[in-house]
Amino acid sequence: MRRGGVPVAKNMYTVAGDGPCNEALALRIQAGDKNAAERLISQNEGYLTELTRAYTPWCELEDLKQEAALALLDAARRFDPAYGTKLLTYAAPVMEAAMMDYAARDSSSLSIPISRYNQLRRVAYLCAEGWDSSDAELVKVVCGELNVSAKVAGALIKEYRTLLMQRMEEVLTPRELNLVRSYLGIGQPDEIGMTFQELAIYLHYNGPSGAEKAYKAALRKLKRDLYGGAYGRWLSAQKGIRAAKAEAEQAAG
């Protein structure tokens with residue numbers, strides 16, 4: 300089988316022996332060595348198999364292994380030995396998140412082409428990491444990460460937000476959904492949101508502070524659903540890595 304130009308065989312377990320370690324292979328991948336990608340997958344096939352077993356009741360083992368393998372390669376391209384951790388330790392949360400996403404998609408009634416789904420999954424990561432960024436900043440980041448035009452990046456972000464709204468409708472109660480949409484201006488005239496004071500009157504909360512408290516509780520509920528588990532650990536790891544790297548650069552400068 301082949302996904303994304305990388306062959307993923309059904310029976311490809313090999314022992315690394317005296318060959319290059321995972322971290323060395325990651326650096327080779329970053330240098331453009333295509334053989335290193337296949338070698339990295341093959342010498343970790345046993346690990347991939349064990350990692351996917353927990354998800355096999357819902358999905359085919361080989362499909363899950365392909366998702367995990369692609370996530371491993373993605374992590375390898377971003378890996379930096381300066382992080383002070385092993386590649387598999389760094390990649391595990393990303394791989395688990397990829398399999399969880401695949402399992403959720405496989406059981407979903409939504410029909411999205413796999414190439415577009417992978418793009419949207421990456422956009423979701425970027426939007427979560429840059430939750431406080433402006434739309435212009437997000438478009439710029441998506442352009443760089445996915446190598447697409449600003450027009451395509453904007454369309455992907457819009458599509459992701461549409462799917463996010465669908466998820467909000469599934470997770471939040473009608474009252475919570477109305478509160479969040481009204482405060483953020485979603486579906487409102489000129490997309491201008493209401494203040495907490497206005498919402499307290501409109502939705503009969505106990506003053507502006509009551510509306511604000513309910514809004515924050517709804518966001519926490521949504522974030523627990525969206526960013527829990529492996530994905531949440533991955534985001535936390537990324538934030539920690541960026542902070543450590545920034546401190547190191549500041550100390551060196």
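Position 39 of the sequence shown, counting from 1, maps to 338 under the working numbering, and the rest follow consecutively.
For glycine and all other residues, C-beta sits at the position ideal for the given N, C-alpha and C.
For VAL441, the enclosing alpha helix (DSSP H) has its first and last residue at 434-445. Annotation for GLN496: the continuous alpha helix (DSSP H) segment containing it runs 495-501. The criterion of a C-beta distance shorter than 8 Å is satisfied by ARG376 and ILE328. Per the coordinates, the alpha-carbon of ALA397 lies some 43 Å from the alpha-carbon of ILE500. Counted as a single uninterrupted DSSP element, the stretch harbouring ALA381 is not any alpha helix (DSSP H), since DSSP gives it neither H nor E. The continuous alpha helix (DSSP H) containing LEU326 extends over residues 321-329. DSSP places ASP373 in the helix class (H, G or I) of the three-state scheme. A straight-line Cα-Cα distance of about 13 Å links SER448 and ALA435.
ARG474 is classed as exposed because its beta carbon has fewer than 16 other beta carbons within 10 Å across all chains shown.
By the criterion of a C-beta distance shorter than 8 Å, PRO380 is surrounded in its chain by GLU322, LEU326, once the five residues flanking it on both sides are discounted. Between GLY429 and VAL422, the gap from beta carbon to beta carbon reaches 8 Å or more.
When secondary structure is reduced to three states using DSSP, ILE340 falls in the helix class. For ASN334, the three-state secondary structure derived from DSSP is helix. Burial state of SER481 is buried, judged by a 10 Å Cβ sphere holding 16 or more other Cβ atoms. Counting along the chain, TYR482 sits inside the alpha helix (DSSP H) bounded by residues 473-483. Going by C-alpha positions, LEU471 is about 12 Å away from ARG523. The beta carbon of PHE495 sits closer than 6 Å to the beta carbons of PRO507, ALA510, GLU511 from its chain, once the five residues preceding and following it are set aside; these are given in chain order. Assigned with DSSP and collapsed to three states, TYR504 falls in coil, not helix or strand.
Within the same chain, and ignoring the five residues on either side of LEU372 in sequence, the residues whose Cβ sits closer than 6 Å to its Cβ are ALA336.
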